[in-house]
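Undergrad: Have a look at this one before I ask anything.
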Amino acid sequence: MDKQESGIRIIGVLVLIAFFAAALLAYVNKITRDPIARNMKEETKRAVRIVLNTLGEIHYPDDPSLKRLNDFEARYFPAVGKDSALVGYAIIVKAPNGFGGDFDLMVGIDSTGRVLDTYVLNHKETPGLGDNMKKEDFKKQFRNRTLENTKWMVKKDGGDIDALTAATITSRAFTSGVKRALLTFKALHKGKQR
Amino acid sequence: MNVKEKLLKSFFVENPVTGLLLGLCPTLATTTSAENGLGMGLATTFVLVSSNVVISLLRNVIPNRVRIPAFIVVIATFVTIVDMGMQATLYDLHKTLGLFIPLIVVNCIILGRAEAFASKNNLWDSFLDGLFMGLGFTFSLFILGSVREILGTGSWLGMALVPGDWSTILVFVLAPGAFLSLGFILVGMNKIARVIEGGK
Numbered sequence: 001m002d003k004q005e006s007g008i009r010i011i012g013v014l015v016l017i018a019f020f021a022a023a024l025l026a027y028v029n030k031i032t033r034d035p036i037a038r039n040m041k042e043e044t045k046r047a048v049r050i051v052l053n054t055l056g057e058i059h060y061p062d063d064p065s066l067k068r069l070n071d072f073e074a075r076y077f078p079a080v081g082k083d084s085a086l087v088g089y090a091i092i093v094k095a096p097n098g099f100g101g102d103f104d105l106m107v108g109i110d111s112t113g114r115v116l117d118t119y120v121l122n123h124k125e126t127p128g129l130g131d132n133m134k135k136e137d138f139k140k141q142f143r144n145r146t147l148e149n150t151k152w153m154v155k156k157d158g159g160d161i162d163a164l165t166a167a168t169i170t171s172r173a174f175t176s177g178v179k180r181a182l183l184t185f186k187a188l189h190k191g192k193q194r
Numbered sequence: 195m196n197v198k199e200k201l202l203k204s205f206f207v208e209n210p211v212t213g214l215l216l217g218l219c220p221t222l223a224t225t226t227s228a229e230n231g232l233g234m235g236l237a238t239t240f241v242l243v244s245s246n247v248v249i250s251l252l253r254n255v256i257p258n259r260v261r262i263p264a265f266i267v268v269i270a271t272f273v274t275i276v277d278m279g280m281q282a283t284l285y286d287l288h289k290t291l292g293l294f295i296p297l298i299v300v301n302c303i304i305l306g307r308a309e310a311f312a313s314k315n316n317l318w319d320s321f322l323d324g325l326f327m328g329l330g331f332t333f334s335l336f337i338l339g340s341v342r343e344i345l346g347t348g349s350w351l352g353m354a355l356v357p358g359d360w361s362t363i364l365v366f367v368l369a370p371g372a373f374l375s376l377g378f379i380l381v382g383m384n385k386i387a388r389v390i391e392g393g394k
């Protein structure tokens, strides 16, 4: 028993176990890294179809472009219709200061600047409360709103948006996320018209 | 003890959730639907079987004084493998369960089996123990998830059972519903367990 419990042996065994664990994990990480990246990309591409669903047949690039604005940055997919005229954008922004930190939000906006639909890409909001932001009841109030015709705040703060029950912080983050997307659209579109 | 008896026992009498009341955090948190319960259960089963096998193999090598850290390193390794593997293959399921997968590391069922069984028994017995305990865990999670999904959202495994405009008992999807359902399931499972034990 004494021999078995010697310090060197204890350290040696733990180091060996940790070493094999690390080696195994490095290997698994290597083989799963590509599929994981592909899955994320595919979900993003699927989301573009969802948020721009009402535009009918659209084409868009594989990877989003980056647009920097004053205090945030956004990624966007420009979407073109059948006759290769621009019909809208799917804009990915960080919705700031949610209950579980920032979350990624995709907003579909048509060429006149109206919101078409929203899609939450990943989030850590509370299940059953904050994650109701994915539900139709909450999403539908954003449709057809533009940057100009809406006060982009929740009603509690004097704006036009109905917050989710017991999830005001999530709703605030979501609302400023959509606003950011609209600001991005404005900046993008200004460039296009000139 | 023969294999069949042991299987029956780990499903009802010694079921990790309803018999031993272990691992209740993931049990309550992830069972908002039958599919989530099943996914969490199978992920845990994989970790349980793998860690039981490895710990059983190393049972004469690991010094007694550092056995817990050694077990945790082994368990954490397999949990990370499940996490990455699931993200690579079942991406949508991982989106729902993602927050809870790392918590499998501290699931007391796994450490409990490592400490109480795998570190004292041979490879084959430890493998069976991990498998049966895992399946028992999956079984309870699946039942709990089914009850909550059927009552809370009116569907089962994603198939709608009631017309869309019917209102369902939303509380069953939320946290209080987890405790309520678990309580009633405990009653039922313990009744079954008593019948099985009494029959012997």
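Order-wise, the sequence lines are chains A and B.
Position 51, counted from 1, in the first sequence is what the numbering used here calls 51; the numbers after and before it change by one each time, with no gaps.
Count along the second sequence starting at 1, add 194, and that's the number in the numbering used here.
All residues carry an ideal CB built from backbone N, CA and C; glycine is no exception.
Between residue 264 of chain B and residue 17 of chain A, is the Cβ-Cβ spacing less than 7 Å?
TA: Taking the first residue of the second sequence as 1, we reach residue 264 of chain B at position 70. Taking the first residue of the first sequence as 1, we reach residue 17 of chain A at position 17. Contact: yes.
Undergrad: When the Cα of residue 301 of chain B is compared with those of B:212, B:205, B:309 and B:217, which residue comes out closest?
TA: As a first step, residue 301 of chain B is located in the second sequence; it is residue number 107 there, counting from the start. Checking every option, the nearest Cα to that of residue 301 of chain B belongs to B:217.
Undergrad: Could you have a look at residue 77 of chain A and say whether DSSP puts it in helix, strand or coil?
TA: Taking the first residue of the first sequence as 1, we reach residue 77 of chain A at position 77. In the structure shown, residue 77 of chain A sits in a strand (DSSP, three-state: E or B).
Undergrad: Tell me which residues share the same chain as residue 380 of chain B and place their Cβ nearer than 7 Å to its Cβ, disregarding the 5 neighbours each side in the sequence.
TA: Position 186 of the second sequence, counted from the start, is the residue given in the question as residue 380 of chain B. Same-chain partners within the cutoff: 212.
Undergrad: Answer with yes or no whether the minimum CB distance from residue 2 of chain A to chain B is below 7 Å.
TA: In the first sequence, residue 2 of chain A corresponds to position 2, counting from 1. Confidence in residue 2 of chain A is poor, its pLDDT being 47 and thus under 50, which makes the residue's placement unreliable; the coordinate value appears in the next sentence. No, residue 2 of chain A does not count as interfacial toward chain B.
Undergrad: Under a CB-based cut-off of 7 Å, is residue 275 of chain B close to chain A?
TA: By 1-based counting over the second sequence, the position of residue 275 of chain B is 81. True, the Cβ-Cβ gap to chain A drops below 7 Å.
Undergrad: State yes or no: is the beta carbon of residue 170 of chain A nearer than 7 Å to at least one beta carbon in chain B?
TA: As a first step, residue 170 of chain A must be located in the first sequence, where it is residue number 170. Taking Cβ atoms only, chain B never reaches closer than 7 Å to residue 170 of chain A, which makes this a no.
Undergrad: Provide the residue(s) that pair with residue 274 of chain B in DSSP beta bridges, ordered along the chain.
TA: Position 80 of the second sequence, counted from the start, is the residue given in the question as residue 274 of chain B. Paired residue(s): none; residue 274 of chain B is not in a bridge.
Undergrad: If we count the other Cβ atoms within 10 Å of its Cβ and call it buried at 16 or more, is residue 183 of chain A buried or exposed?
TA: For the purposes of this step, residue 183 of chain A is identified with residue 183 of the first sequence, where counting begins at 1. By the neighbour-count rule (16 or more Cβ atoms within 10 Å), residue 183 of chain A is buried.
Undergrad: Return helix, strand or coil for residue 135 of chain A, following the three-state DSSP convention.
TA: Here residue 135 of chain A refers to the residue found at position 135 when the first sequence is read from its first residue. Of the three classes helix, strand and coil, the one that applies to residue 135 of chain A here is coil, per DSSP.
Undergrad: Buried or exposed: where does residue 255 of chain B fall if 16 or more other Cβ atoms within 10 Å of its Cβ makes it buried?
TA: Stepping through the second sequence from its first residue, residue 255 of chain B is reached at position 61. Classification for residue 255 of chain B: exposed.
Undergrad: How about residue 234 of chain B and residue 291 of chain B: do their beta carbons lie closer than 7 Å?
TA: Position 40 of the second sequence, counting from 1, holds the residue named residue 234 of chain B. Position 97 of the second sequence, counting from 1, holds the residue named residue 291 of chain B. Their beta carbons are under 7 Å apart, which means residue 234 of chain B touches residue 291 of chain B by this criterion.
Undergrad: Residue 39 of chain A versus chain B: which residues are under 8 Å apart at the beta carbon?
TA: Locating residue 39 of chain A in the first sequence gives position 39, where the first residue counts as 1. Correct list: 281, 282 and 285.
Undergrad: Taking a Cβ distance cut-off of 7 Å, strictly less, list which residues of the segment 14 to 41 of chain A are near chain B, in chain order.
TA: Residues 14, 17, 18, 21, 24, 25, 28, 29, 32, 35, 36 and 39.
Undergrad: In this structure, does DSSP put residue 65 of chain A in helix, strand or coil?
TA: Indexing the first sequence from 1 puts residue 65 of chain A at position 65. DSSP places residue 65 of chain A in strand when its eight states are reduced to three.
Undergrad: What does residue 10 of chain A reach in chain B if we use C-beta pairs closer than 8 Å?
TA: Residue 10 of chain A sits at position 10 when you count from the first residue of the first sequence. By Cβ distance, chain B contributes 257, 259 and 260.
Undergrad: What are the boundary residues of the alpha helix (DSSP H) that includes residue 286 of chain B?
TA: Walking along the second sequence from the start, residue 286 of chain B turns up at place 92. Taken as a continuous stretch (DSSP letters only), the alpha helix (DSSP H) holding residue 286 of chain B covers 285 to 291.
Undergrad: Is residue 99 of chain A helix, strand or coil when you go by DSSP?
TA: As a working note, residue 99 of chain A is residue 99 in the first sequence. Reduced to three states, the DSSP call for residue 99 of chain A is strand.
Undergrad: How would you call residue 246 of chain B, buried or exposed, if buried means at least 16 neighbouring beta carbons within 10 angstroms?
TA: For the purposes of this step, residue 246 of chain B is identified with residue 52 of the second sequence, where counting begins at 1. Residue 246 of chain B is buried by the Cβ-count criterion.
Undergrad: Do you know how far the Cα of residue 220 of chain B is from the Cα of residue 2 of chain A?
TA: As a working mapping, residue 2 of chain A is identified with position 2 in the first sequence. As a working mapping, residue 220 of chain B is identified with position 26 in the second sequence. Only weak support is given to the placement of residue 2 of chain A: the predicted model assigns it a pLDDT of 47, under 50, and the value that follows is read from those uncertain coordinates. Each residue's alpha carbon lies about 40 Å from the other.
Undergrad: Going by DSSP, what residues sit across from residue 92 of chain A in a beta bridge?
TA: Stepping through the first sequence from its first residue, residue 92 of chain A is reached at position 92. Partner(s): A:75 and A:106.
Undergrad: Take residue 97 of chain A as the anchor and find which of A:162, A:174 and A:110 has the nearest alpha-carbon.
TA: Sequence index remark: in the first sequence, residue 97 of chain A carries index 97 (1-based). If we check each option's Cα against that of residue 97 of chain A, A:174 comes out closest.
Undergrad: Between residue 264 of chain B and chain A, is the shortest Cβ-Cβ distance under 7 Å, so that the two count as touching?
TA: Taking the first residue of the second sequence as 1, we reach residue 264 of chain B at position 70. Taking Cβ atoms only, chain A reaches closer than 7 Å to residue 264 of chain B, which makes this a yes.
Undergrad: Can you tell me whether residue 83 of chain A is helix, strand or coil according to DSSP?
TA: Stepping through the first sequence from its first residue, residue 83 of chain A is reached at position 83. Coil.
Undergrad: Considering only the alpha carbon of each residue, which of A:132, A:108, A:154 and A:94 lies closest to residue 60 of chain A?
TA: Counting from 1 along the first sequence, the entry for residue 60 of chain A is found at position 60. That would be A:108, whose Cα lies nearest to the Cα of residue 60 of chain A.
Undergrad: Does DSSP put residue 256 of chain B in a helix, a strand or coil?
TA: What you label residue 256 of chain B is simply residue 62 of the second sequence in a count that begins at 1. The answer is coil: DSSP assigns residue 256 of chain B none of H, G, I, E or B.
Undergrad: So the beta strand (DSSP E) residue 122 of chain A belongs to, where does it begin and stop?
TA: Taking the first residue of the first sequence as 1, we reach residue 122 of chain A at position 122. Start and end: 115 to 122.
Undergrad: Secondary structure at residue 349 of chain B, three-state DSSP: helix, strand or coil?
TA: In the second sequence, the residue the question calls residue 349 of chain B occupies position 155. Residue 349 of chain B: strand per DSSP, three-state reduction.
Undergrad: Compare the Cα-Cα distances from residue 80 of chain A to each of A:58, A:63, A:101 and A:66 and report the closest residue.
TA: The sequence position of residue 80 of chain A within the first sequence is 80, counting from 1. Among A:58, A:63, A:101 and A:66, the Cα nearest to that of residue 80 of chain A is on A:58.
Undergrad: First and last residue of the alpha helix (DSSP H) that includes residue 151 of chain A?
TA: As a working note, residue 151 of chain A is residue 151 in the first sequence. Looking at the DSSP string, residue 151 of chain A is not in any alpha helix (DSSP H), and its letter there is neither H nor E.
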